[in-house]
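K.L.:
Just passing along the structure, written as structure tokens.
Protein chains: 2
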Amino acid sequence: MDDSTKVLQANAAFYKAFSSKDLTLMESVWLHSDSVKCIHPGWHLIVGWQDVSETWKTIFDSGGLFHAEALDEEAYVIGDVAWVICTENLTHKMRDEIVTGAAQTTNIYERVGGVWLLTHHHASPAPSQAIREDLLQ
Amino acid sequence: MDDSTKVLQANAAFYKAFSSKDLTLMESVWLHSDSVKCIHPGWHLIVGWQDVSETWKTIFDSGGLFHAEALDEEAYVIGDVAWVICTENLTHKMRDEIVTGAAQTTNIYERVGGVWLLTHHHASPAPSQAIREDLLQ
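Laid out in structure tokens, this is it:
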């Protein structure tokens, strides 16, 4: 398996953790370091794994997230660093409504001990929305 | 000079080009490749140097940009890849008013032929604004 495929697998695991609100899986895809950084859409910069992990717990506990997936993923690998540019399709339940929004995303991975780990996540509101019609039925 | 210092110099050149609306300097800091990507705050993803360079020309020609600078820059270097996380302080003239906004930014650089070149720029609106009081006087 080539490096790009491995990186895309790591990215898929990240979105599986995100969509299934699986904090244990989310913990396994991130580098546990004080240097990691995370920018959720519209949030301020979060620094360090401890604070980053707490934001995921907050998001998961909020109960609003219904579905998360990555579209149009492109991976670049140079040595032990990789980055994936993709669009996130995020579906939330708000009272009785299902709302879908898109986020433009940059994910940076480091290869540590042969494993690609997420070290930086930057997601920001995208100007257009990709509607998952199948989720609205 | 260590690699982090060189990367921060490259990042400083990017913001010098940005703030001075210097398209020639902007051309010199980017990798000229079909793979480069750029996300301006609130824009859709721009792909490839030709289209990316046109967005800078559009921004510079709009006449609204007054000042751009990077704050809280942190550089990470692994092999021939580096990334800089920073906050952009962007000041615009809108009619007779000066408006300052902040953007959270991820810049990824590749070392090509010994030179650090920008290959990915992702800027998104930050929740808080750092006001340059000195520019408002």
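Chains F and W, in that order, give the protein sequences. Our numbering puts the first sequence at residues 31 to 167. Our numbering puts the second sequence at residues 31 to 167. Glycine included, each C-beta is placed from N, C-alpha and C at the ideal position.
Can you tell me which of the three DSSP states residue 148 of chain F falls into?
P.N.:
Strand, per DSSP.
K.L.:
What does the Cβ neighbour count give for residue 87 of chain W, buried or exposed, with the cut at 16 atoms within 10 Å?
P.N.:
That one is exposed.
K.L.:
Give, in chain order, every residue of the segment 80 to 99 of chain F whose Cβ lies closer than 9 Å to some Cβ of chain W.
P.N.:
Residues passing the 9 Å Cβ filter: none.
K.L.:
Skipping 5 residues on each side, what residues in its chain have a beta carbon closer than 6 Å to that of residue 167 of chain F?
P.N.:
Low confidence applies here, because residue 167 of chain F scores a pLDDT of 44, under 50, leaving its location unreliable and the question unanswered by this model.
K.L.:
In or out: residue 120 of chain W buried (at least 16 other Cβ within 10 Å) or exposed?
P.N.:
By the neighbour-count rule (16 or more Cβ atoms within 10 Å), residue 120 of chain W is buried.
K.L.:
Using DSSP's beta-bridge definition, name the partner residues of residue 134 of chain W.
P.N.:
Residue 134 of chain W is bridged to W:117 and W:154.
K.L.:
Count the C-beta pairs between the segment 96 to 112 of chain F and the segment 58 to 72 of chain F that are closer than 8 Å, then say yes if the count reaches three, no if not.
P.N.:
Short answer: they don't touch.
K.L.:
Excluding sequence positions up to five away, which residues of its chain have a Cβ less than 7 Å from the Cβ of residue 122 of chain W?
P.N.:
Excluding sequence neighbours, residue 122 of chain W sits near 94, 95, 96 and 129.
K.L.:
Could you check the C-alpha separation between residue 14 of chain F and residue 48 of chain W for me, to the nearest Å?
P.N.:
Outside the displayed span of chain F (31 to 167) sits residue 14 of chain F, for which this structure offers no information.
K.L.:
Give me, in chain order, the residues of the same chain whose beta-carbon lies closer than 6 Å to that of residue 78 of chain F; leave out the 5 immediate sequence neighbours on both sides.
P.N.:
Correct list, in chain order: 64.
K.L.:
Rank W:150, W:115, W:131 and W:145 by C-alpha distance to the C-alpha of residue 68 of chain F and give the top, closest one.
P.N.:
Nearest option by C-alpha distance: W:115.
K.L.:
Considering only the alpha carbon of each residue, which of W:144, W:142, W:153 and W:138 lies closest to residue 131 of chain W?
P.N.:
Selected option, being the one with the closest Cα: W:153.
K.L.:
List the endpoints of the continuous beta strand (DSSP E) containing residue 51 of chain W.
P.N.:
Here residue 51 of chain W belongs to no beta strand (DSSP E), and DSSP marks it neither H nor E.
K.L.:
Use the C-beta contact count for residue 74 of chain W: other C-beta atoms within 10 angstroms, 16 or more gives buried, fewer gives exposed.
P.N.:
Exposed, because fewer than 16 other Cβ atoms sit within 10 Å of the Cβ of residue 74 of chain W.
K.L.:
Look at the alpha carbon of residue 43 of chain F and the alpha carbon of residue 124 of chain W, and state the distance between them as a whole number of angstroms.
P.N.:
Approximately 44 Å, taken between the alpha carbons.
K.L.:
Relative to the alpha-carbon of residue 57 of chain W, which residue among W:149, W:155, W:157 and W:143 has its alpha-carbon at the smallest distance?
P.N.:
For the residues W:149, W:155, W:157 and W:143, the minimum Cα distance to residue 57 of chain W belongs to W:149.
K.L.:
Can you say whether residue 117 of chain W is buried or exposed, counting buried as having 16 or more other CB atoms within 10 angstroms of its CB?
P.N.:
So residue 117 of chain W ends up on the buried side.
K.L.:
On a CA-only basis, which of F:134, F:37, F:52 and F:126 is nearest residue 76 of chain W? Give me that one, please.
P.N.:
For the residues F:134, F:37, F:52 and F:126, the minimum Cα distance to residue 76 of chain W belongs to F:134.
K.L.:
Just curious, the alpha helix (DSSP H) that residue 91 of chain W is in, first and last residue?
P.N.:
Here the alpha helix (DSSP H) through residue 91 of chain W covers 79 to 91.
K.L.:
Looking at residue 174 of chain W: is its Cβ nearer than 8 Å to the Cβ of residue 107 of chain W?
P.N.:
Here chain W covers residues 31 to 167 and nothing more, so residue 174 of chain W does not appear.
K.L.:
Quick one: give me the first and last residue of the beta strand (DSSP E) that residue 107 of chain W is part of.
P.N.:
From DSSP, the beta strand (DSSP E) with residue 107 of chain W extends over 95 to 108.
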